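Asks: Pasting a structure below so you can have a look.
In the UniProt record's numbering, the protein residues as written are 1 to 57.
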């Protein structure tokens, strides 16, 4: 099993990291609250690379 470790440090790192997650979420059809609203099965194909489903509120 491989893992991706994402680290952010400092103001610049946090700004770049925030944009990174914004782009990744958009590419996979995930809205800010974490719900899927995409239009392609391809978006869900490798979604588990960055996201794990967790119990909600």
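The C-beta atom is built at its ideal place from N, Cα and C for all residues, glycine as well.
Just so it is clear, the structure is predicted and the values come from calculations on it, not from any experiment.
Starting from residue 23, follow the alpha helix (DSSP H) in both directions and report where the run begins and ends.
Replies: Looking at the DSSP string, the run of the alpha helix (DSSP H) that includes residue 23 is 10-27.
Asks: With the cut-off set at 7 Å, would you say residue 16 and residue 28 are in Cβ contact?
Replies: Not closer than 7 Å, so no.
Asks: Look up residue 47 in the DSSP assignment and say whether it is helix, strand or coil.
Replies: DSSP places residue 47 in helix when its eight states are reduced to three.
Asks: Do residue 45 and residue 37 have their C-beta atoms within less than 7 Å of each other?
Replies: No, the pair does not count as a contact, with Cβ atoms beyond the cut-off.
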